[in-house]
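S.K.: Shown below is the structure under consideration.
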Ligand SMILES: [Zn+2]
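In our numbering, the protein residues as written are 671 to 982.
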């Protein structure tokens with residue numbers, strides 16, 4: 671059986687980065703607010719088309735009201751891209767809300783995504799990658815086939831903790847929340863989670879597809895790593911993942927944007943990868959996607975879930 675490769679992109683628009691970085695959203699003009707639809711999605715579609723690979727976009731329900739977003743997603747869907755849910759409000763503390771509030775948010779996301787694109791999501795990714803028993807139960811109740819929120823990356827966890835501490839010390843608290851350190855003990859590869867403890871194995875009616883991190887070091891093999899790390903480290907980490915049955919490569923829309931697209935300097939100073947030229951990032955992604963297409967059968971996460979669900 672050939673191993674699978676899946677590429678997914680969280681379509682977070684710049685206002686969400688302002689919130690996590692503690693930057694006033696007023697710095698964003700109309701162009702900056704619409705960059706995901708006007709620039710990032712077309713660049714990704716071009717990359718996928720060239721590499722002949724499918725992919726999954728995780729859509730934030732509230733962002734569908736942005737200029738051009740609906741049209742961009744319809745184009746993506748016509749190109750065979752799966753549309754998953756990244757919640758309605760992208761509240762970083764969604765996992766801590768009440769069960770009813772979570773259910774309302776997820777239902778609203780499904781409604782607007784289906785109404786705008788005709789696609790009903792079968793997969794979910796939590797804002798800020800943070801799950802809780804309540805959140806996973808709500809996801810399962812909606813009948814999703816899979817969840818892909820688990821990110822058991824040690825360096826990411828420590829970095830997030832230190833950045834949040836630094837912002838708080840500067841009097842600019844981030845709206846992000848820190849997950850339970852238990853996520854660091856979560857399985858690295860697809861598993862059937864427990865509905866009462868999402869980072870442990872159990873018998874949930876859906877499958878969890880964790881984002882790829884390297885064995886042992888738990889270095890996150892994600893878009894920012896591939897676009898900014900020394901290339902030798904990217905190659906080495908890619909090789910350490912070669913035995914995994916699924917390589918679940920996660921990106922963000924900003925991974926193909928840079929400051930010259932109209933990102934305000936104050937945001938680029940905080941979100942450093944926006945200072946790397948998009949041209950350079952696109953070249954690296956093109957290379958990685960060609961490796962993926964050579965080594966693995968590339969599928970959407972929905973297909974990966976269908977394939978792996980009976981096996982875990
Ligand atoms: Zn997000």
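For glycine and all other residues, C-beta sits at the position ideal for the given N, C-alpha and C.
Owing to the predicted nature of the structure, the values given are computational and were not obtained by experimental measurement.
Below 8 Å on the Cβ atoms is my contact criterion, and I expect residue 751 with residue 798 to pass it. Report the Cβ-Cβ distance as a whole number of Å.
M.R.: Actually they do not touch by this definition, with Cβ atoms about 23 Å apart.
S.K.: Would you kindly report the start and end of the unbroken beta strand (DSSP E) that includes residue 965?
M.R.: Careful: residue 965 lies outside any beta strand (DSSP E), inside the alpha helix (DSSP H) at 948–965.
S.K.: Less than 7 Å separating the Cβ of residue 977 from some heavy atom of ligand 1?
M.R.: Answer for residue 977: no, Cβ out of range of ligand 1.
S.K.: Report whether the distance from the Cβ of residue 797 to the nearest heavy atom of ligand 1 is below 7 Å.
M.R.: Under cutoff, so the answer is yes.
S.K.: Is residue 756 a contact residue of ligand 1, with contact defined as CB to any heavy atom under 7 Å?
M.R.: Yes.
S.K.: Could you say which of 926, 734, 807 lies nearest to residue 954 if we only look at CA atoms?
M.R.: Residue 926 is the option with its Cα nearest to residue 954.
S.K.: Please classify residue 744: does DSSP put it in a helix, a strand, or coil?
M.R.: In this structure, residue 744 counts as helix in the three-state DSSP scheme.
S.K.: Regarding residue 760 and ligand 1, is the C-beta to nearest heavy atom distance less than 7 Å?
M.R.: Under cutoff, so the answer is yes.
S.K.: In angstroms, rounded to a whole number, what distance separates the CA positions of residue 934 and residue 732?
M.R.: Using only the alpha carbons, I get a separation of about 22 Å.
S.K.: So is residue 775 buried or exposed if we call it buried at 16+ other beta carbons inside 10 Å?
M.R.: Residue 775 should be labelled buried.
S.K.: Following a CB-centred definition, is residue 849 positioned closer than 7 Å to any heavy atom of ligand 1?
M.R.: Residue 849 Cβ: outside cutoff for every heavy atom of ligand 1.
S.K.: Could you name each continuous beta strand (DSSP E) segment of 3 residues or more that falls completely within the segment 737–815, going from the start of the chain to the end?
M.R.: DSSP runs (the beta strand (DSSP E)) wholly in the segment 737–815: 752–755.
S.K.: Near residue 710, which residues of its chain fall below 6 Å by C-beta distance, leaving aside the five closest residues on each side in sequence?
M.R.: Answer for residue 710: 923, 926, 927, listed in chain order.
S.K.: Below 7 Å, is the gap between the Cβ of residue 943 and the nearest heavy atom of ligand 1?
M.R.: Because no heavy atom of ligand 1 lies under 7 Å away, the Cβ of residue 943 does not count as near it: no.
S.K.: Take residue 742 and list the residues in its own chain whose beta-carbon comes closer than 6 Å to its own, dropping the five residues that flank it on each side.
M.R.: Answer for residue 742: 707, 711, listed in chain order.
S.K.: Return the chain-ordered list of same chain residues with a C-beta closer than 7 Å to the C-beta of residue 843, the five sequence neighbours on each side being excluded.
M.R.: Taken in chain order, the residues that qualify are 692, 837.
S.K.: Among residues of its own chain, excluding the 5 on either side of residue 932, which ones have a beta-carbon nearer than 8 Å to its beta-carbon?
M.R.: Answer for residue 932: 699, 701, 702, 705, listed in chain order.
S.K.: With a threshold of 7 Å, establish whether the CB of residue 680 neighbours any heavy atom of ligand 1.
M.R.: Yes, the Cβ of residue 680 comes within 7 Å of a heavy atom of ligand 1.
S.K.: How long is the line joining the alpha carbons of residue 819 and residue 809, rounded to whole angstroms?
M.R.: When rounded, the distance between both Cα atoms is 11 Å.
S.K.: Which partner residues of residue 729 appear in the DSSP bridge assignment?
M.R.: 755.
S.K.: Please name the residue in 873, 893, 874 whose C-alpha comes closest to that of residue 956.
M.R.: Selected option, being the one with the closest Cα: 893.
S.K.: Should residue 719 be counted as a contact of ligand 1 given a C-beta to heavy atom distance under 7 Å?
M.R.: The answer is no for residue 719.
S.K.: Using 10 angstroms around the beta-carbon of residue 840, count the other beta-carbons present and answer buried if the total reaches 16, otherwise exposed.
M.R.: Residue 840 should be labelled exposed.
S.K.: Apply the 10 Å Cβ neighbour rule to residue 936 and answer buried if 16 or more other Cβ atoms are within range, or exposed otherwise.
M.R.: Per the 10 Å Cβ criterion, exposed.
S.K.: Please name the residue, chosen from 960, 770, 689, 918, that lies closest to residue 816 on a Cα-to-Cα basis.
M.R.: Comparing Cα positions, the closest option is 918.
S.K.: For residue 763, tell me which candidate among 801, 920, 782 has the shortest Cα-Cα distance.
M.R.: Taking only the C-alpha atoms, the option nearest residue 763 is 801.
S.K.: Does DSSP classify residue 705 as helix, strand or coil?
M.R.: Residue 705: helix per DSSP, three-state reduction.
S.K.: Does the Cβ-Cβ distance between residue 803 and residue 734 come in under 8 Å?
M.R.: Not closer than 8 Å, so no.
S.K.: Short of 8 Å in beta carbon distance, which residues of its chain neighbour residue 717, apart from the five on each side in sequence? Order them along the chain.
M.R.: If we look at residue 717 and ignore the five residues flanking it on each side, its Cβ neighbours are 926, 952, 955, 956, 959.
S.K.: Check whether the Cβ atoms of residue 814 and residue 788 lie closer than 8 Å to each other.
M.R.: Their beta carbons are not under 8 Å apart, which means residue 814 does not touch residue 788 by this criterion.
S.K.: Return the CA-CA distance between residue 727 and residue 720, expressed in angstroms with no decimal places.
M.R.: The straight-line gap from Cα to Cα measures roughly 17 Å.
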